[in-house]
Amino acid sequence: MLFEEVKELFTNHNILFQDHKLRRQSEPLSFFQAICHAVSGSTRKERFKTDAAKNYVLKTLDFLLENGLINEEMIREIFHEEKAVKQFVLHDFTSISSKAEFRILKHCNKLTEHWYWPYLNKFYQVLGQEEKDIMDLTFYEGRFSSKGEYELKLNYIFVGDPHSFPLGKHFHQLKNLDKSNHLNSHGTRNNHSGHLQSSDYEGSEKEMEEIIKQLIYEGCRNIHFVNTGEYETYLADAVNLFSFMENKMYPGIIQKLLNIPEFLNIMHKYLGLSEKYENPEELFQLIKCWSQIRTSQEMASHYEKMSRSNKIELKNVSWKKDIYDGYLNQISQALHQSSEIYDSISKRKNEVLSSIKCPLKDIYENAPRVLTKMKNVHFPESK
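Residue numbers are given in the numbering used here: position 82 of the sequence shown equals residue 83, and the series is strictly consecutive.
Okay, structure coming up:
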């Protein structure tokens with residue numbers, strides 16, 4: 002009963018965590034504080050801390066699990082409910098942003114692979130790969146659908162918005178594709194990239210069309226880019242989301258995406274290409290590699306910086322050089338993949354490469370020098 006009440010509070014009564022009026026409630030000031038406040042212009046201390054309310058709810062889940070009052074399967078089941086997952090993702094975003102001092106969203110990889118994620122709550126340790134995939138999918142889609150406004154809004158995934166993308170109806174595909182790939186490894190023939198039956202194939206085709214329609218066609222109507230940075234954010238988010246769907250859910254969805262003129266126009270405009278390139282998938286993969294380079298550079302630099310921090314929230318973090326080196330390896334791999342794509346493009350139409358002008362390309366061209374410098378950094382491992 003307590004477990005159900007905690008879940009209900011977390012998903013359907015989340016005014017405690019998100020209500021702006023509650024956020025603006027301030028503690029009354031003493032005479033001395035009032036004088037200092039007037040002189041310094043400092044902000045008043047919040048009376049009601051909305052993040053604290055959410056933290057207490059999640060600590061209750063930790064307590065219930067640790068004391069055997071709920072089992073691991075009950076925890077995993079929560080992560081198959083869209084409302085709940087969105088709240089977990091929102092909590093993780095705000096927690097990592099504050100405790101690890103990192104605005105993780107701009108070009109971040111999977112949320113569940115962030116170095117601080119294992120330290121958030123103990124119940125995350127019982128999640129299986131499917132539940133982690135659901136969290137990452139929710140993270141990617143929420144970031145993409147927010148049109149880059151996630152850095153300005155606390156509730157960047159629009160929890161409770163009746164017009165938001167119906168993400169939960171696609172969770173099943175994570176299990177379906179994993180199951181069909183497992184069967185295929187035992188000799189069963191697939192009809193299409195991991196789908197066993199024609200009915201499954203037709204169903205996934207229909208779902209892919211719906212995703213494209215809702216996220217791209219309808220989404221593009223409300224997009225008004227002001228600067229290059231907004232193009233870059235949109236494309237990086239699109240690349241991450243649709244690459245995830247391609248690998249985990251809907252093989253072939255990237256090809257469908259690249260058949261959409263509106264998306265191709267955005268991609269070519271960001272890259273500074275006046276003429277359409279005949280193989281847009283290479284441009285898509287190039288943006289993916291460049292975005293990966295930027296992400297890994299930022300993650301490595303921040304991880305190394307935080308390893309030297311004295312923040313009390315980080316006292317239990319075990320700092321590992323292997324994690325730092327892992328980010329550097331990701332940079333090396335992305336550089337290698339970019340080089341292969343460059344070679345392929347140069348054979349088709351060499352002038353395309355010289356025509357590309359965008360901030361991500363600048364990062365790519367400077368990456369070898371930056372990588373060498375990062376390799377020479379002395380990383381202080383935990384003792």
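Every residue gets a Cβ at the ideal spot worked out from N, C-alpha and C, and that includes glycine.
Since we're looking at a predicted model, the values are computed, not measured.
Helix, strand or coil at residue i according to DSSP, with G and I counted as helix
{"i": "K316", "result": "coil"}
{"i": "P167", "result": "coil"}
{"i": "S172", "result": "It is Phe, not Ser, that sits at residue 172 in the sequence shown. Correct three-state label for F172: coil."}
{"i": "K468", "result": "Since the first residue of the chain shown is 2 and the last is 384, residue 468 is not available in this structure."}
{"i": "H303", "result": "helix"}
{"i": "R349", "result": "helix"}
{"i": "C290", "result": "helix"}
{"i": "V378", "result": "coil"}
{"i": "R295", "result": "helix"}
{"i": "Y225", "result": "Sequence inspection shows His at residue 225; the Tyr mentioned does not correspond to that position. The answer is coil: DSSP assigns H225 none of H, G, I, E or B."}
{"i": "K100", "result": "helix"}
{"i": "L59", "result": "helix"}
{"i": "W116", "result": "coil"}
{"i": "N330", "result": "helix"}
{"i": "G253", "result": "coil"}
{"i": "S205", "result": "helix"}
{"i": "F89", "result": "helix"}
Residue nearest to residue i in terms of C-alpha spacing, selected from the options
{"i": "S347", "options": "K100, E382 and N280", "result": "N280"}
{"i": "N228", "options": "P360, K60, H92 and V127", "result": "P360"}
{"i": "V7", "options": "I79, E73, G327 and K376", "result": "I79"}
{"i": "V58", "options": "N110, Q334, E73 and F124", "result": "F124"}
{"i": "Q126", "options": "I261, K384, D63 and Q334", "result": "D63"}
{"i": "E233", "options": "I254, K100 and K270", "result": "K270"}
{"i": "N241", "options": "K111, T95, P119 and E5", "result": "K111"}
{"i": "V378", "options": "D363, E352, H337 and S302", "result": "S302"}
{"i": "E282", "options": "K257, E276, M300 and E305", "result": "K257"}
Same chain, Cβ closer than 7 Å to residue i, neighbours up to 5 away in sequence not counted
{"i": "I332", "result": "I294, S297, Q298, A368 and L372"}
{"i": "S356", "result": "G273 and L274"}
{"i": "K289", "result": "V240 and S244"}
Whole-Å CB distance - residue i paired with residue j, under 8 Å assumed
{"i": "Q174", "j": "E208", "result": "7 Å"}
{"i": "S345", "j": "W291", "result": "That pair is no contact at about 15 Å."}
{"i": "A239", "j": "F145", "result": "6 Å"}
Cut-off 8 Å between Cβ atoms - residues of its own chain near residue i, not counting five sequence neighbours on either side
{"i": "F172", "result": "H81, E83, I135 and L138"}
{"i": "K376", "result": "L329"}
{"i": "S186", "result": "Below a pLDDT of 50, predicted positions are generally treated as unreliable, and S186, at 43, falls in that range; the measurement from the model is reported next regardless. Cβ within range, chain order: n/a, list empty."}
Cut-off 6 Å between Cβ atoms - residues of its own chain near residue i, not counting five sequence neighbours on either side
{"i": "K312", "result": "none"}
{"i": "S308", "result": "W320 and P381"}
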